[in-house]
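Chemist: Sending over a structure as structure tokens; questions will come in a sec.
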Amino acid sequence: MPRILISNDDGIYGQGLKPLIRAMRPLGELVVIVPDGERSAASHSITLHKPFRIQTLPVELSSKDIIHVYISNGTPSDCVRFGLLELLKNKRVDLVVGGINHGPNLGEDIIYSGTVAVAREAAMQGIPAMAVSVVDGHHKPFETAAKVTQKLARLILNHKLPSRVFLNINVPYLNGAKPKIEITRLGKRVYGKVIPSGVDPRGHLYYWLAGDIPKGIPEPGTDIWAIKAKKISVTPLTVDSAAPILTDIHRWKL
């Protein structure tokens with residue numbers, strides 16, 4: 104039976120966790136380890152200067168279905184590392200899934216994303232992986248995303264992925280339309296140039312680094328374009344971040 108590890112960056116109370124667990128449960132043995140609270144935009148950070156702690160918590164999927172989940176005080180990357188290297192030490196893990204994230208991870212979002220870091224950490228450890236996110240709006244299509252994730256998980260378990268490659272999946276609200284999947288590349292996000300500020304009740308100046316919701320350039324073939332076209336975006340990513348200009352750098356005569 105396949106063994107699947109699940110984590111996220113929205114934490115134990117993330118809206119996408121239960122739909123993902125339900126979707127993955129028919130596929131094999133599940134081990135779920137998530138942060139004890141919100142860790143959005145944690146990127147690939149790991150805990151260095153305090154102890155890493157875990158505990159178990161029963162999560163009710165239905166009135167007759169309870170699963171015990173590990174929760175930690177660490178980051179999404181911590182959860183995956185601990186899950187693979189300690190909880191499942193000397194055991195085969197067939198797939199790692201991050202999500203389902205509440206909000207998109209498009210373009211350069213993947214650099215900030217803790218959800219994507221879940222999949223990247225697994226790929227670094229040699230495990231097939233994917234990160235799954237829903238695009239925000241009035242509707243949050245977690246159930247659609249869960250069904251798509253189950254389909255892709257079956258395919259990955261059957262066909263595998265190349266070494267150190269993982270998938271980044273974004274699911275828009277489809278309003279009942281039949282899901283269409285596009286294989287995409289990363290698009291370009293446009294982040295705000297202004298950092299909002301204010302004064303707190305004590306008269307101290309503060310800043311809000313998150314800023315406005317980023318926009319994107321819908322260039323054909325990109326994840327941003329696919330989402331704008333109301334299609335599910337599946338973007339293959341790699342752990343190797345080397346830029347393809349090595350020969351040019353060699354000419355600099357360093």
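Position in the sequence shown (from 1) plus 103 gives the number in my numbering. For each residue, glycine too, the CB sits at the ideal point set by N, CA and C. Everything numeric in this text was worked out from a predicted model, so none of it was measured.
1. Is Glu224 buried or exposed, if buried means 16 or more other CB atoms sit within 10 Å of its CB?
2. Between Gln158 and the rest of its own chain, which residues show a CB-CB distance below 7 Å, the 5 nearest in sequence each way excluded?
3. What do you reckon, are the CB atoms on Pro317 and Val293 nearer than 8 Å?
4. Rounded to whole angstroms, how far is the Cβ of Leu187 from the Cβ of Val200, which I believe are closer than 8 Å?
5. For Thr178 versus Arg125, is the C-beta spacing smaller than 8 Å?
6. With distances taken from CA atoms, which of Asp351, Asp326, Asp343 and Ile352 is nearest Leu212?
7. Applying the criterion that 16 or more other CB atoms from any shown protein chain within 10 Å of the CB defines a buried residue, is Lys204 buried or exposed?
8. Helix or strand or just coil, what does DSSP make of Tyr310?
9. Which same chain residues end up closer than 7 Å to Thr150 when comparing Cβ atoms and leaving out the 5 residues on each side of it in sequence?
10. Verify the CB distance criterion: does Leu191 have a CB-CB separation below 8 Å to chain B?
11. Are the CB atoms of Glu285 and Val337 within a distance shorter than 8 Å?
12. Would a C-beta distance cut-off of 8 Å place Gly114 and Pro138 closer than the cut-off?
Modeler: If we stick to the structure as given:
1. The residue labelled residue 224 in the question sits at position 121 within the sequence shown. Flag for Glu224 reads buried.
2. The count along the sequence shown starts at 1 and reaches residue 158 at position 55. Answer for Gln158: Ile174, listed in chain order.
3. Residue 317 sits at position 214 when you count from the first residue of the sequence shown. Residue 293 sits at position 190 when you count from the first residue of the sequence shown. Yes.
4. Residue numbering aside, residue 187 sits at position 84 when the sequence shown is read from its first letter. Residue numbering aside, residue 200 sits at position 97 when the sequence shown is read from its first letter. So it is not a contact: roughly 13 Å between Cβ atoms.
5. By one-based count along the sequence shown, residue 178 stands at place 75. By one-based count along the sequence shown, residue 125 stands at place 22. No, Cβ-Cβ distance for Thr178 and Arg125 is not below 8 Å.
6. Counted from its first residue, the sequence shown places residue 212 at position 109. According to the sequence as given, residue 212 is Asp; it is not Leu. It is Asp326.
7. To locate residue 204, count along the sequence shown from 1; it is residue 101. Residue identity differs from the one stated: residue 204 is Asn in this sequence, not Lys. Buried.
8. Walking along the sequence shown from the start, residue 310 turns up at place 207. Tyr310 falls in the strand class under three-state DSSP.
9. Within the sequence shown, numbered from 1, the residue matching residue 150 stands at position 47. For Thr150, where only same-chain residues beyond five positions count, the Cβ hits under 7 Å are Gly177, Thr178 and Asp181.
10. Structure shown: chain B not included; a single protein chain is present.
11. In the sequence shown, residue 337 corresponds to position 234, counting from 1. In the sequence shown, residue 285 corresponds to position 182, counting from 1. Yes; because the gap between Cβ atoms is below 8 Å, this pair is in contact.
12. Looking up residue 114 in the sequence shown gives position 11. Looking up residue 138 in the sequence shown gives position 35. In contact: Gly114 and Pro138 (Cβ atoms closer than 8 Å).
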